[in-house]
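Enquirer:
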Amino acid sequence: MLHSRLDFLIIRVVGEGLGLAPLLDVGWTPALEDAVDLVLHLVVDMGTVLVAAALDHGFSSLCHERYPRALSPICWEEASEPRPMMRGMDLASAAAKLYALLPSEFTAERNRAAKAARAEGNSLLAKQIGRLPKPSTAAWAVNMLALRKPDEVAQVLELGESLRRAQEDLDPASMRELGQQRHKVLAAVVRQARALATDLGVTVSDAAATEMEATLRAAMADPDAADAVRSGHLVRTLASNGFEPVDLSGAVAVPGVLSEAPHKRAKKTADDDGERRAEQERRAEQERRAEESRAEEKRREREEAQTEVDEAERAVQQAEAELSDAEHHLSEVASRRSELNKELGELRARISELEEELTAVDREAGYAERTRKLAARLAEQEHSAARRARERLDRL
Numbered sequence: 302m303l304h305s306r307l308d309f310l311i312i313r314v315v316g317e318g319l320g321l322a323p324l325l326d327v328g329w330t331p332a333l334e335d336a337v338d339l340v341l342h343l344v345v346d347m348g349t350v351l352v353a354a355a356l357d358h359g360f361s362s363l364c365h366e367r368y369p370r371a372l373s374p375i376c377w378e379e380a381s382e383p384r385p386m387m388r389g390m391d392l393a394s395a396a397a398k399l400y401a402l403l404p405s406e407f408t409a410e411r412n413r414a415a416k417a418a419r420a421e422g423n424s425l426l427a428k429q430i431g432r433l434p435k436p437s438t439a440a441w442a443v444n445m446l447a448l449r450k451p452d453e454v455a456q457v458l459e460l461g462e463s464l465r466r467a468q469e470d471l472d473p474a475s476m477r478e479l480g481q482q483r484h485k486v487l488a489a490v491v492r493q494a495r496a497l498a499t500d501l502g503v504t505v506s507d508a509a510a511t512e513m514e515a516t517l518r519a520a521m522a523d524p525d526a527a528d529a530v531r532s533g534h535l536v537r538t539l540a541s542n543g544f545e546p547v548d549l550s551g552a553v554a555v556p557g558v559l560s561e562a563p564h565k566r567a568k569k570t571a572d573d574d575g576e577r578r579a580e581q582e583r584r585a586e587q588e589r590r591a592e593e594s595r596a597e598e599k600r601r602e603r604e605e606a607q608t609e610v611d612e613a614e615r616a617v618q619q620a621e622a623e624l625s626d627a628e629h630h631l632s633e634v635a636s637r638r639s640e641l642n643k644e645l646g647e648l649r650a651r652i653s654e655l656e657e658e659l660t661a662v663d664r665e666a667g668y669a670e671r672t673r674k675l676a677a678r679l680a681e682q683e684h685s686a687a688r689r690a691r692e693r694l695d696r697l
């Protein structure tokens, strides 16, 4: 009889393989237990395969307790000697480990993984792993960026999605602004990727950095290319002409890792469309309110402008009245000035006459002074003569 979880696991594996899943789903009965017990005895030679499946599901201890060494050699081999961790590994998980390595480690680890898969009896997986190409330096650097700095990659890809949306909406202002952001963001992310590579001991040349920027630019332009970059499985770099879909042939180590991306993206696109419609409605409402606000503001501005015009016209009338008064006063002042100029002219003429008279008087005064002096000398002479005459008279 069967009593352990391992029994049930084996029953489930065998039952599903024989088409007994409906019976197993109905419920567990004694009759079903006897039937499955009989089937289990018939497939005892398959014990190795079944127990391997049990090991992969974490039932090694039950395997050791329930089955002897003769019936389950893999159980006892697992207990006595660790096996390579390739059981249950598919190509995608193997590639994920390999493309997270340094370029110098890739070839040796790929060969070891292929050898381990071959030792497990999975020759197809071994061949697939052995064919995985070593990524170029630029592709490796982009993979490291996707694996170790996913936030920076997400920023680039979200900016690309915004750019594509702006192009679809024919929004030139957003396209211009986002285009300027793209240049700055790409330059910054490429610098971070080169610094990350340097920290890991790998030098990224200027040419490889240019290829990295072209790859990120292509990922911004094409959602499938964005999925390829996001996967971290790039083998070569990408390029975009901005019009046609990016050529991804041979660009991703395991194309299957991208198979679910379109479905997820379609769902995301539907969600985004709904969000976009809601955003458009919100923007339309904001624009309507903004338009009303602008109209109200314009009305207030017109009222203020009309008030200013009225005040300006009143000021003009007052200024014109003041100008008329000033012109009248100026006329009076000009007339008075003319009269004063006339009087001044007359006075200047009179002064000129008086100056001439003064000059003549000065000449007469000079002549009179000379005459006086001459008369004074004559008088002095006459006094002297008279004095001498008296003296003579006195002597007589």
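Quick note on numbering: the sequence shown equals residues 302 to 697 in the numbering used here.
From the three backbone atoms N, C-alpha and C, an ideal C-beta is built for every residue, glycine too.
Fair warning: this is a prediction, and the values are worked out from it, not measured in the lab.
#1: Express the C-alpha separation of V490 and L446 in angstroms, rounding to a whole number.
#2: Which two residues bound the contiguous alpha helix (DSSP H) that contains S475?
#3: Could you tell me the boundaries of the alpha helix (DSSP H) in which G557 lies?
#4: Run the CB neighbour count on N642, radius 10 Å, all protein chains shown included, and call it buried at 16 or more, exposed below.
#5: Heavy atom of the ligand GTP less than 7 Å from the Cβ of E592, yes or no?
#6: Are A439 and T538 touching if we call contact CB-CB under 8 Å?
#7: For L535, which beta-bridge partners are listed by DSSP?
#8: I need the straight-line Cα distance from V443 to S541, nearest angstrom please.
#9: Express the C-alpha separation of E459 and A414 in angstroms, rounding to a whole number.
#10: Who are the near neighbours of V553 in its chain, counting only those whose CB is closer than 8 Å to its CB and skipping five residues on each side?
#11: Would you verify that the beta carbon of E462 is, or is not, closer than 8 Å to some beta carbon of chain B?
#12: Within its chain, find whatever has a CB closer than 6 Å to the CB of P434; leave out the 5 residues flanking it on each side and keep chain order.
#13: Would D523 be called buried (16 or more neighbouring beta carbons within 10 Å of its own) or exposed?
#14: State yes or no: is the C-beta of D525 within less than 8 Å of the C-beta of P556?
#15: Can you give me the start and stop residues for the alpha helix (DSSP H) that P451 sits inside?
#16: Round the Cβ separation of V699 and V454 to the nearest angstrom and send it over; I've been treating them as touching at under 8 Å.
#17: Tell me the DSSP secondary structure of G543 in three-state form.
#18: For the putative contact between M521 and A494, defined by C-beta atoms under 8 Å, what is the C-beta separation to the nearest angstrom?
#19: Are the CB atoms of L448 and L392 nearer to each other than 8 Å?
#20: Please classify A680 as buried or exposed, where buried requires at least 16 other C-beta atoms within 10 Å of its C-beta.
#21: Could you round the C-beta distance between L483 and L471 to whole angstroms and report it? I think they count as a contact, below 8 Å.
#22: V345 to G422, Cα distance in whole Å?
#23: Determine whether the beta carbon atoms of A488 and L479 lie at a separation below 8 Å.
#24: Any idea if Y668 is buried or exposed, counting beta-carbon neighbours within 10 angstroms, 16 or more meaning buried?
#25: Leaving out the 5 sequence neighbours to the left and right, which residues in its chain are closer than 6 Å to A401 when beta-carbon positions are compared?
#26: Alpha carbon to alpha carbon, what distance is there between Q481 and S361?
#27: Give the secondary structure of A401 by DSSP, where H, G and I count as helix, E and B as strand, and everything else as coil.
#28: Taking the Cβ atom as the reference point for each residue, do G461 and A527 lie within a distance shorter than 8 Å?
#29: So, with DSSP's three-state summary, where would you put N423?
#30: Can you grab the Cα-Cα spacing for the pair R700 / R678, in whole Å?
#31: Short check: CB of A397 to CB of I430, under 8 Å?
#32: Could you check what DSSP says for P436 in three-state terms: helix, strand or coil?
#33: Assuming L399 and R411 are in contact, meaning their beta carbons sit under 8 Å apart, how far apart are those beta carbons, in whole angstroms?
Expert: If we stick to the structure as given:
#1: Here residue 446 refers to the residue found at position 145 of the sequence shown. Here residue 490 refers to the residue found at position 189 of the sequence shown. Taking the straight line from one Cα to the other gives about 9 Å.
#2: Counting from 1 along the sequence shown, the entry for residue 475 is found at position 174. Counting along the chain, the alpha helix (DSSP H) containing S475 begins and ends at P473 to D500.
#3: Stepping through the sequence shown from its first residue, residue 557 is reached at position 256. Per DSSP, G557 belongs to no alpha helix (DSSP H) and is neither H nor E.
#4: What you label residue 642 is simply residue 341 of the sequence shown in a count that begins at 1. With fewer than 16 other Cβ atoms inside 10 Å of its own Cβ, N642 counts as exposed.
#5: As for the ligand GTP, it is missing from this structure, which has no ligand bound.
#6: Numbered from its first residue, the sequence shown carries residue 439 at position 138. Numbered from its first residue, the sequence shown carries residue 538 at position 237. Cβ atoms of A439 and T538: closer than 8 Å.
#7: Locating residue 535 in the sequence shown gives position 234, counting from the first residue. Its beta-bridge partners are V553.
#8: For this step, residue 443 is matched to residue 142 along the sequence shown. For this step, residue 541 is matched to residue 240 along the sequence shown. Computed Cα separation, rounded: 16 Å.
#9: Residue mapping note: residue 414 aligns to position 113 of the sequence shown, counting from 1. Residue mapping note: residue 459 aligns to position 158 of the sequence shown, counting from 1. Cα-Cα distance, rounded: 35 Å.
#10: Numbered from its first residue, the sequence shown carries residue 553 at position 252. Excluding sequence neighbours, V553 sits near A529, S532, H534, L535, V536 and L559.
#11: You won't find chain B in this structure, because it holds only one protein chain.
#12: As a working note, residue 434 is residue 133 in the sequence shown. Cβ neighbours of P434 within its own chain (closer than 6 Å, five residues either side excluded): V536.
#13: Within the sequence shown, residue 523 is the residue found at index 222, counting from 1. Counting other Cβ atoms within 10 Å of its Cβ, D523 reaches 16 or more and is therefore classed as buried.
#14: Position 224 of the sequence shown, counted from the first residue, corresponds to residue 525. Position 255 of the sequence shown, counted from the first residue, corresponds to residue 556. With contacts defined as CB atoms closer than 8 Å, D525 and P556 fail to qualify as a contacting pair.
#15: Counted from its first residue, the sequence shown places residue 451 at position 150. Segment P451 to E469, the alpha helix (DSSP H) holding P451.
#16: With the chain running from 302 to 697 in the structure shown, residue 699 is simply not present.
#17: Locating residue 543 in the sequence shown gives position 242, where the first residue counts as 1. It is coil, neither helix nor strand.
#18: If you number the sequence shown from 1, residue 521 lands on position 220. If you number the sequence shown from 1, residue 494 lands on position 193. Their Cβ separation, rounded to whole angstroms, is 15 Å, which puts M521 and A494 out of contact at 8 Å.
#19: Counting from 1 along the sequence shown, the entry for residue 448 is found at position 147. Counting from 1 along the sequence shown, the entry for residue 392 is found at position 91. With contacts defined by Cβ atoms closer than 8 Å, L448 and L392 do not form a contacting pair.
#20: Stepping through the sequence shown from its first residue, residue 680 is reached at position 379. Per the 10 Å Cβ criterion, exposed.
#21: Numbered from its first residue, the sequence shown carries residue 483 at position 182. Numbered from its first residue, the sequence shown carries residue 471 at position 170. According to the sequence provided, residue 483 is Arg. The question's Leu does not apply to it. With 8 Å as the limit, R483 and L471 do not qualify as a contact, their Cβ atoms being about 18 Å apart.
#22: As a position in the sequence shown, residue 345 is number 44, starting the count at 1. As a position in the sequence shown, residue 422 is number 121, starting the count at 1. Summary for V345: the model assigns pLDDT 36, below 50, so the residue's position carries little reliability; its value from the coordinates is reported in the next sentence. Per the coordinates, the alpha-carbon of V345 lies some 21 Å from the alpha-carbon of G422.
#23: What you label residue 488 is simply residue 187 of the sequence shown in a count that begins at 1. What you label residue 479 is simply residue 178 of the sequence shown in a count that begins at 1. No, Cβ-Cβ distance for A488 and L479 is not below 8 Å.
#24: Mapped onto the sequence shown, residue 668 falls at position 367. Burial check for Y668: the Cβ neighbour count within 10 Å stays below 16, so the residue is exposed.
#25: For the purposes of this step, residue 401 is taken as residue 100 along the sequence shown, with counting starting at 1. Annotation for A401: L448 place their beta carbon closer than 6 Å to its own, counting only its chain and skipping 5 residues before and after.
#26: Start at 1 with the first residue of the sequence shown, and residue 361 comes out as number 60. Start at 1 with the first residue of the sequence shown, and residue 481 comes out as number 180. Unreliable placement is indicated for S361, whose pLDDT of 39 sits below 50; the coordinate value is still reported in the next sentence. Their Cα atoms are separated by approximately 59 Å.
#27: Your numbering for residue 401 matches position 100 in the sequence shown. Correct three-state label for A401: coil.
#28: Position 160 of the sequence shown holds residue 461. Position 226 of the sequence shown holds residue 527. With respect to the 8 Å criterion, G461 and A527 are classified as neighbours on the basis of their beta carbons.
#29: By 1-based counting over the sequence shown, the position of residue 423 is 122. The DSSP-derived three-state label of N423 is coil.
#30: No answer is possible for residue 700: the residues shown for the chain start at 302 and end at 697.
#31: Position 96 of the sequence shown holds residue 397. Position 129 of the sequence shown holds residue 430. For the 8 Å CB-CB criterion, A397 and I430 do not form a contact.
#32: Locating residue 436 in the sequence shown gives position 135, where the first residue counts as 1. Residue state, collapsed to three classes: coil.
#33: Taking the sequence shown and counting its residues from 1, one reaches residue 399 at position 98. Taking the sequence shown and counting its residues from 1, one reaches residue 411 at position 110. So it is a contact: roughly 6 Å between Cβ atoms.
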